[in-house]
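What follows is a short report on a single structure.
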Amino acid sequence: MKQALVEQIKGSDNLFEKPKKILQGRVGDFPVYVRQGVDGTAFWKIAVYAKEGSTAPTDLIESFFSELRQAVKKVTKTTYDGKKLEIIVRNSGKVGIQIRQILDGVHSYLSRNGYVPCCGCCGNEVPVTLSSINNEMDFMCDNCYNGLCNSLEDNKQQLAAQKGNIVTGIVGALLGALLGGALWVVIYQLGYIAGIAGLVAAVCALKGYEKFGGRINVAGIVISLVIVTAVIYVAHNIGIAMEIKKGVEEYWGIDCTITDAFRSIPDFLEDSEFSAAYWKDLIIGYALTAVASFATVKAMLQAGTGSYKTGRY
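Given below as structure tokens:
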């Protein structure tokens, strides 16, 4: 973060940047973190950890949130789950000053109404540390953090012990990829190169492998993506063949079957203009598929293998 922005947000509180793009510390007694670029978007997340004390009123939080949204127009979302207040702020203009305004307002409300700091996981009034579980940040106590890490490791070991059937998995992946391939052909006939069709092919192939094979692992993901790559190539050529068939019949008045059109693709590729358009569309299609599918593939890999990443700051 830029130092000027950090200073605006910190005010007189002991907030520091750790890890990158996250300011953490305490505002008064309450653990706080301020995260820039939530999920890669142009928003900030403000999280303040507090629960209602014995003297805290139970019906004022929504009124407070309403007043906050009126005072700071950049606020787009407010939630409270009994242990943590979350406020999402749009990143524009003098956002640092407005985040500071929000922190002051939240601290005043919590202190005035008897709230107490707590663990964001168990809700107990215990020492907490900013922790990361698969990139999800939370202030939590040692017991909660260690318990979650143990659960994640147990799940990983259980998944590793499961056996899948690679042959039936391949069948499932092929059936799933064919759905996306069919959609590719349809959309291509409308004059578009569709990353959404590639996404459908990838997701359906991975889900098909998992359903038919019993589980998805690294090998299953690689096999599924190879199948998707091949199916998109075939679907692209079918789309091209349909365009050739249409062109031959419309402009030359010659009857042309889809089989003949398909077989003629190598001959058409000898034309430099046709070849350039052919490869350009295919490469763009693969690129769009990769971009559209990345998050899904990553999530399925994590879920299928039980891989996890943790950290404490």
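If you use our numbering, the sequence shown corresponds to residues 67 to 379, in order.
Note that the Cβ used here is the ideal one computed from N, Cα and C, for glycine as well.
| query | result |
| --- | --- |
| According to DSSP, which residues form a beta bridge with E152? | A113, T145 |
| Does the Cβ of D321 have 16 or more other Cβ atoms within 10 Å, making it buried, or fewer, making it exposed? | exposed |
| Pull the bridge partners of N80 from the DSSP assignment, please. | R92 |
| Check for me: the alpha helix (DSSP H) holding D326 runs from which residue to which? | 324–329 |
| Is it buried or exposed for K364, if we count other Cβ within 10 angstroms and need 16 for buried? | exposed |
| My parser needs the beta strand (DSSP E) runs of 3 or more residues fully inside the stretch 307–378; what are they? | 376–378 |
| Where are the alpha helix (DSSP H) runs, 4 residues long or more, that stay fully inside the stretch 149–233, in chain order? | 161–178, 208–227 |
| Helix, strand or coil: how does DSSP classify Y299 here? | helix |
| Which of helix, strand or coil does DSSP assign to Y99? | strand |
| I331 and I304 - do their beta-carbons sit closer together than 7 angstroms? | no |
| Output the boundary residues of the alpha helix (DSSP H) element that contains A263. | 261–279 |
| I'd like the span of the alpha helix (DSSP H) that includes L134, first residue to last. | 127–137 |
| How many angstroms separate the CA atom of L244 from the CA atom of G372? | 28 angstroms |
| Rounding to the nearest angstrom, what Cα-Cα distance links T323 and I350 in this structure? | 28 angstroms |
| So is N231 buried or exposed if we call it buried at 16+ other beta carbons inside 10 Å? | exposed |
| Taking contact to mean at least 3 C-beta pairs separated by less than 8 angstroms, is the stretch 204–213 in contact with the stretch 261–275? | no |
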